[in-house]
Each structure stands twice: as structure tokens, then as C-alpha cells.
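S.K.:
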Amino acid sequence: MTKTLSAKPLLFGSLATAFEWYDYALFGYFANIIGQQFYPSHDPVTSLLATFAVFASGFAMRPLGAIFYGYIGDRVGRKYALAASLLMMAVPTTLLGVLPTYETIGVFASVGLVVIRLLQGLAVGGNYGGSFIFVIEHAPQGREGFAGSLASFGTLGGLFLGSGAATLLTHVLSAEDLRSFGWRIPFLLGSLSAVVGYMIRKYMPEQIAETASSTQLPIKEIWCSYKASVVRAMGIILLDGVGVYIIFVFMTTFATLFLNMPEASVLFWNTLSMGSLVISIPFFGWVGDKIGAKKVLLAVSFGFLGLAYPLYSYLIESRTIESLALLQMLFSVLMGAAYGTLPIVVSTAFPRHVRYTAAGLSFNISVACFGGTAPFMVTGLIDKMGSLYVPAFMIAAVGFISLISLPGIRARN
Numbered sequence: 003m004t005k006t007l008s009a010k011p012l013l014f015g016s017l018a019t020a021f022e023w024y025d026y027a028l029f030g031y032f033a034n035i036i037g038q039q040f041y042p043s044h045d046p047v048t049s050l051l052a053t054f055a056v057f058a059s060g061f062a063m064r065p066l067g068a069i070f071y072g073y074i075g076d077r078v079g080r081k082y083a084l085a086a087s088l089l090m091m092a093v094p095t096t097l098l099g100v101l102p103t104y105e106t107i108g109v110f111a112s113v114g115l116v117v118i119r120l121l122q123g124l125a126v127g128g129n130y131g132g133s134f135i136f137v138i139e140h141a142p143q144g145r146e147g148f149a150g151s152l153a154s155f156g157t158l159g160g161l162f163l164g165s166g167a168a169t170l171l172t173h174v175l176s177a178e179d180l181r182s183f184g185w186r187i188p189f190l191l192g193s194l195s196a197v198v199g200y201m202i203r204k205y206m207p208e209q210i211a212e213t214a215s216s217t218q219l220p221i222k223e224i225w226c227s228y229k230a231s232v233v234r235a236m237g238i239i240l241l242d243g244v245g246v247y248i249i250f251v252f253m254t255t256f257a258t259l260f261l262n263m264p265e266a267s268v269l270f271w272n273t274l275s276m277g278s279l280v281i282s283i284p285f286f287g288w289v290g291d292k293i294g295a296k297k298v299l300l301a302v303s304f305g306f307l308g309l310a311y312p313l314y315s316y317l318i319e320s321r322t323i324e325s326l327a328l329l330q331m332l333f334s335v336l337m338g339a340a341y342g343t344l345p346i347v348v349s350t351a352f353p354r355h356v357r358y359t360a361a362g363l364s365f366n367i368s369v370a371c372f373g374g375t376a377p378f379m380v381t382g383l384i385d386k387m388g389s390l391y392v393p394a395f396m397i398a399a400v401g402f403i404s405l406i407s408l409p410g411i412r413a414r415n
């Protein structure tokens, strides 16, 4: 029987990634405030480094989440793993919205923040990759790339919602109110991810016979047979794993703290360019189905390598909103192309019976080692080296690594 592009798995897959990443990315958007509230210091860079270290700590748990939820996804079924990860994310996100600050409970606030971030990392490790696989496996032949792009659409949609929430609160609240209580509001709203998890568990279709695996330990088979594929996949995943955290999540801090640009304007353009990125994702998923997803990723890799330095140079030298808008808008196109085609390329690089675990590990190890640590690394290198060009060199390096990783990746289904 020929499969049709069913709306229900696409809707639930996109919602899963949107809510998961809305919850997860809020920490980055409010890094300055969180640093002041939980790691107070006379030096703002020291507070920021401490906050980004906590931000990165959540990524350390993501590979463990990929293994744990991957076992459920490969052995029991995709929807059970997705629903469980969403329910797990709702709890720590809500707790962060009510966690007392350092001024109130001292070091316990700092420790509590780390624990919350670790729990968030464990939860998102089970979602990132899993939702891509679910929608791709429910798509008809020839439209898998477009289907996978819609799950990516949800991922960036969540980041966009987080940026939009930060922008809205910056405009409607005073700076004092934002730092006092306003920053907590988006985290409390993040508890809605539990509702989405329940809906997925109850209403999302799945035929267990088609998805359950006879492999007792997927991670063991991956280690024995698919290590090279995981490493290559990690190389191309850097395009979105590192790219989005430097160009969008970290950019608000880079532009305001290091370039002294107005926060409201920076957040506005950050949100607008991310909106452009999100809209472009399904288009590039469709393009990938027509001409080949790997060809699209090849063009993106060259774009990262060739455009990073000149665009950052223009931004650093001019320090204008126009230069920021140009950089983020051009990279929004490249990032849209990457997010639109990476799901199908990475997912089909592994056989179905270990796919949830293998793809999840590829995404989460890559992002944990390089994406989640990127804001911390860039901030530290700028502080030590005294050069504002560190982000440009890192983006160019990502393009080069992707270029040498792409040729060895092939579809197994």
C-alpha cells in the first residue's frame, strides 16, 4: 500500500520539537539575567561564563538521553520515547521558573540551577533526532526530506518562540521588572510541553510491529558496526549544532556585551532573522527531495566557509544594526537549508532497527561537544585572546569539517 503524507504524525512531530526546544533555548536568551541572579559577580563576563558553563552542562546529559530514550524508541516504539522525553522536560523547566535566586538561598540556588539543566539535557536527548525519524518513517517515498524538514521547522520554531518571548518581555516590561520576575514567565509557560507529551502518547499513531527492534542493545551494535557513520554524521550536524548557537542564541550576548549595541534592537533582528530561517526550512526540504539533500548541504558548507569572516568583519568594524541584520539574514538562508536537509541525510545513514539510537547519538554528541559549549568557548576565547573574530573562525571551521564529512555518508534505506 502506498503511504500518504499524513497530517497527524507531521503535526505531533513538529509540536514535540517546538515545545522541547522552546523550553531548552530560553536559558540562552536570558543568560545575562540568569547569570546576575544565580552567579553574581562584580565582573559581568565572569557571571556570563558561569552561566554558559551551566548552559553547556545540560548538553553533557544529552548523549545519555539519546541512549536511554533510543532504547525505548528502537525496542518499544517511537511515540513512547517522544512522549516520555516531553514529560521529562516539563518538570525542570517549570522548576526553573520558581527557583529562588542566590540572594535568597545562596549556593543552593546555583546547585539547583545545575541540576535543572542536567535534567533538561537528559530529556532533550530523547527528542532530538527521534521526532525527525518518526515523521520520515511515516512519509511516502520521494517526500521524506520534506517531512523531516517539518520536524526541523518545529525545532527552530521553538527557538523562534523563545526569542519572541524574550523580545516581547523586553519591550513591555521595564529593565527592573524583567530582572525581578519577568524572565520567569516564559519558563512557567514551558510546562505546556507536558500537555503535548500526553497528546502524543494518546493520539499519535504507530504500528509497533513496524518500529520495534529485535536488537537487545542498539548501542552495542552501533559501536560494533556503525562508528564511522556516527562520526561522519556528527561532522555535518555541526552546521546546525554550532551554527544556531553562535549566530542566533549567542548573538544577543555578543552584540550587546561586546559590541555595545542596543538590546531591544538586537533581539528584534534576532527574532526576525530566525523567523526567516524557520519559514525557509520546508522549502529547502522540498528542494532536497528534488535535487538531493547532500547537494544542498554541500552548498551550505561552502557558504559557512566563505561568508563567515567577511560578514563578521563588517559587523565588528561598523557595529550597526544594518550589519547585524545582513549577517543574520544571510545565515538564516544557509541555516534554513541545513535544517531542511539534515534530518533525511542523518536518519537514513543508519538501518531502521538501530536508527533512533544512532541518529540520536549523532545529533546529541555533536551538539553536546561543540554546539552547547560554543557560547562558553567563544566567550572565554574572546576574553583571553582579546579578539572579536573568534565566532567567525569557528563558523568557518564548521563549514570545512562538514565538507570533509559529507562524501562518506550514504543512505542505507
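Numbers 3 to 415, taken from the numbering used here, label the letters of the sequence shown in order.
Here a beta-carbon is modelled for each residue, glycine too, at the ideal position from N, C-alpha and C.
If you're wondering where the values come from, they're calculated on a predicted model, not measured in any experiment.
#1: Can you tell me the Cβ-Cβ gap for residue 153 and residue 137, rounded? I've got them flagged as a contact below 8 angstroms.
#2: How about the segment 232 to 247 and the segment 348 to 367: do they share at least three Cβ pairs that are nearer than 8 angstroms?
#3: In or out: residue 185 buried (at least 16 other Cβ within 10 Å) or exposed?
#4: Find the nearest neighbour of residue 311 within the set 390, 30, 107, 145, judged by alpha-carbon distance.
#5: Suppose the cutoff is 8 angstroms on Cβ atoms and the five residues either side in sequence are ignored; what does the same chain contact list for residue 304 look like?
#6: Assign residue 176 to buried or exposed, taking buried as 16 or more other Cβ atoms, counted over all protein chains shown, within 10 Å of its Cβ.
#7: Write down every uninterrupted run of the alpha helix (DSSP H) in the segment 333 to 375 whose length is 4 residues or greater and which is fully enclosed by it, in chain order.
#8: Please look up how many angstroms separate the CB atoms of residue 39 and residue 103, rounded, as I've assumed it's under 8 angstroms.
#9: Buried or exposed for residue 178, going by 16 or more other Cβ atoms inside 10 Å?
#10: Would you call residue 227 buried or exposed, if buried means 16 or more other Cβ atoms sit within 10 Å of its Cβ?
#11: Assign residue 106 to buried or exposed, taking buried as 16 or more other Cβ atoms, counted over all protein chains shown, within 10 Å of its Cβ.
#12: Residue 331 by DSSP, collapsed to three states: which one?
#13: Any contact of the segment 320 to 334 with the segment 243 to 258, i.e. 3+ C-beta pairs under 8 angstroms?
#14: Given this structure, state the Cα-to-Cα distance separating residue 140 from residue 77, to the nearest angstrom.
#15: Cβ atoms of residue 170 and residue 276: under 9 angstroms apart, would you say?
#16: Among residues of its own chain, excluding the 5 on either side of residue 339, which ones have a beta-carbon nearer than 6 angstroms to its beta-carbon?
#17: DSSP three-state call for residue 140: helix, strand or coil?
#18: To the nearest angstrom, how far is the alpha carbon of residue 200 from that of residue 108?
#19: Find out if the Cβ-Cβ distance for the pair residue 18, residue 84 is shorter than 9 angstroms.
#20: Residues in the same chain with beta-carbon distance under 7 angstroms from residue 173, minus the five sequence neighbours each way, listed in chain order, please.
#21: Is residue 284 near residue 148, with beta carbons less than 9 angstroms apart?
#22: So the alpha helix (DSSP H) residue 44 belongs to, where does it begin and stop?
#23: Have a look at 167, 86, 157, 98 and flag the residue whose alpha-carbon is nearest the alpha-carbon of residue 128.
#24: Which of the three DSSP states is assigned to residue 390 in this structure?
#25: Any heavy atom of the ligand MG closer than 8 angstroms to the Cβ of residue 344?
#26: Within the same chain, show all residues whose beta-carbon is closer than 6 angstroms to that of residue 15, passing over the 5 residues directly before and after it, in chain order.
#27: Leaving aside the five residues before and after residue 95 along the sequence, list all residues of the same chain whose C-beta is less than 6 angstroms from its C-beta, in chain order.
#28: What is the DSSP secondary structure of residue 218, reduced to helix, strand or coil?
#29: Could you compute how far the alpha carbon of residue 392 sits from the alpha carbon of residue 51?
#30: Suppose the cutoff is 8 angstroms on Cβ atoms and the five residues either side in sequence are ignored; what does the same chain contact list for residue 211 look like?
#31: Under 9 angstroms, Cβ to Cβ, is there at least one residue of chain E near residue 35?
#32: Quick check on DSSP: helix, strand or coil for residue 264?
#33: Output yes or no for whether 9 angstroms exceeds the beta carbon distance between residue 112 and residue 41.
#34: Closest by CA to residue 151, which one among 368, 378, 12?
#35: Please list, in chain order, all residues of the same chain as residue 268 whose beta carbon is under 6 angstroms from its beta carbon, the five residues on each side excluded.
#36: With 16 as the cutoff for other CB atoms within 10 Å, does residue 3 come out buried or exposed?
M.R.: Checking against the coordinates, here is how it stands:
#1: Taking a contact as a CB-CB distance under 8 angstroms, the pair residue 153 and residue 137 counts as one, their CB atoms being some 5 angstroms apart.
#2: A contact exists between the segment 232 to 247 and the segment 348 to 367.
#3: The residue in question, residue 185, is buried, as its Cβ has 16 or more Cβ neighbours within 10 Å.
#4: Cα-wise, what sits closest to residue 311 is 390.
#5: Around residue 304: 401, 405.
#6: Result: exposed.
#7: Every alpha helix (DSSP H) stretch that sits fully inside the segment 333 to 375 and reaches 4 residues is listed by chain position as 357 to 368.
#8: Your pair residue 39 and residue 103 checks out as a contact, with CB atoms roughly 4 angstroms apart and the cut at 8 angstroms.
#9: Counting of Cβ neighbours within 10 angstroms places residue 178 among the exposed residues, the total staying below 16.
#10: The residue is exposed, with fewer than 16 neighbouring Cβ atoms inside 10 Å.
#11: Its Cβ having fewer than 16 others within 10 Å, residue 106 is exposed.
#12: Annotated three-state conformation of residue 331 is helix, per DSSP.
#13: Touching, yes, given that three or more Cβ pairs across the two stretches are closer than 8 angstroms.
#14: Rounded to whole angstroms, the gap between the alpha carbons of residue 140 and residue 77 is 18 angstroms.
#15: Not in contact: residue 276 and residue 170 (Cβ atoms no closer than 9 angstroms).
#16: Counting only Cβ-Cβ distances below 6 angstroms, and skipping sequence neighbours, we find 286, 298, 302.
#17: Three-state result, residue 140: coil.
#18: When rounded, the separation of the alpha-carbon atoms in residue 200 and residue 108 is 36 angstroms.
#19: Residue 84 is positioned such that its CB atom lies closer than 9 angstroms to that of residue 18.
#20: 266.
#21: Yes, Cβ-Cβ distance for residue 284 and residue 148 is below 9 angstroms.
#22: Residue 44: not part of any alpha helix (DSSP H); DSSP gives it neither H nor E.
#23: If we check each option's Cα against that of residue 128, 86 comes out closest.
#24: DSSP, reduced to helix, strand and coil, places residue 390 outside both helices and strands of the structure shown, so it counts as coil.
#25: Questions concerning the ligand MG fall outside what the structure shown contains, since it holds no ligand whatsoever.
#26: Correct list, in chain order: 133, 136, 137, 153.
#27: Residues of the same chain with a CB within less than 6 angstroms of the CB of residue 95, apart from the 5 flanking positions on each side, are 25, 189, 192 in chain order.
#28: The DSSP-derived three-state label of residue 218 is coil.
#29: Distance between the alpha carbons of residue 392 and residue 51: 16 angstroms.
#30: The predicted model places residue 211 with a pLDDT of 44, which falls under 50 and marks its position as unreliable, so this point remains unresolved.
#31: Here chain E cannot be found, since the structure has a single protein chain.
#32: DSSP places residue 264 in coil when its eight states are reduced to three.
#33: Yes. Within cutoff.
#34: When only C-alpha atoms are compared, the closest one is 12.
#35: Within its own chain, the residues whose Cβ lies closer than 6 angstroms to the Cβ of residue 268, once the five positions on either side in sequence are excluded, are 254, 257, 258, listed in chain order.
#36: With a pLDDT of only 46 at residue 3, under the threshold of 50, the placement of this residue in the model should not be trusted; the figure read from the coordinates follows. Burial is judged here by how many other beta carbons sit within 10 angstroms of a residue's own beta carbon; residue 3 has fewer than 16 and is exposed.
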